[in-house]
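Undergrad:
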Amino acid sequence: MASIPLEPVDSLHITTLIDNVSDMLLQDQGPAKRAGFGDGDPPQLDAAFLVRSTADVPLAEHGFSALVSVKTGDREHRLLFDAGITPDGLAENARRLRIDVKDIEAIVLSHG
1 MASIPLEPVD SLHITTLIDN VSDMLLQDQG PAKRAGFGDG DPPQLDAAFL
51 VRSTADVPLA EHGFSALVSV KTGDREHRLL FDAGITPDGL AENARRLRID
101 VKDIEAIVLS HG
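So in my numbering, spot 56 of the sequence shown is number 56, and the numbers just go up one at a time.
1. Assign K71 to one of three DSSP states: helix, strand, or coil.
2. In terms of residue numbering, what span does the beta strand (DSSP E) encompassing Q106 cover?
3. Please state the DSSP three-state secondary structure of A32.
4. Tell me A66's beta-bridge partners as DSSP assigns them.
5. For the region 8-24 against the region 63-81, do three or more pairs of beta-carbon atoms, one drawn from each stretch, fall closer than 8 Å, so that the two count as touching?
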């Protein structure tokens with residue numbers, strides 16, 4: 001079988017866009033940084049029954065989607081691995097996480 005030579009990279013950043021669960025109370029742990037209350041200045045969601053707005057955290061839905069960003073020198077490449085089950089879930093979570101999808105170069109679909 002032919003092998004593909006791999007180049008070393010400076011950094012690899014994976015952002016989960018869709019997952020089965022979303023918990024804004026989880027704290028950062030090691031290299032995992034989570035969106036929610038402790039996320040600096042997350043987008044805010046007005047809620048009529050609250051005294052003040054709350055963090056506009058990602059939606060949970062069946063399926064999975066991750067944005068993979070790879071940096072080497074001054075180059076950065078971004079690909080989307082899977083896209084969840086609904087187009088609205090992916091688009092809405094990208095907005096909530098302040099991710100500009102126009103910079104995505106490729107989409108990898110694992111199945112379906």
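We put the CB at the ideal spot given by N, CA and C, even for glycine.
TA: Looking at the atomic coordinates:
1. Here residue 71 corresponds to residue number 71 of the sequence shown, with the count starting at 1. Residue state, collapsed to three classes: strand.
2. By 1-based counting over the sequence shown, the position of residue 106 is 106. For the record, residue 106 in the displayed sequence is Ala; it is not Gln. Per DSSP, A106 belongs to the beta strand (DSSP E) from 106-108.
3. Counted from its first residue, the sequence shown places residue 32 at position 32. Three-state DSSP puts A32 in a strand.
4. Position 66 of the sequence shown, counting from 1, holds the residue named residue 66. Beta-bridge pairing links A66 to T16, F81.
5. yes
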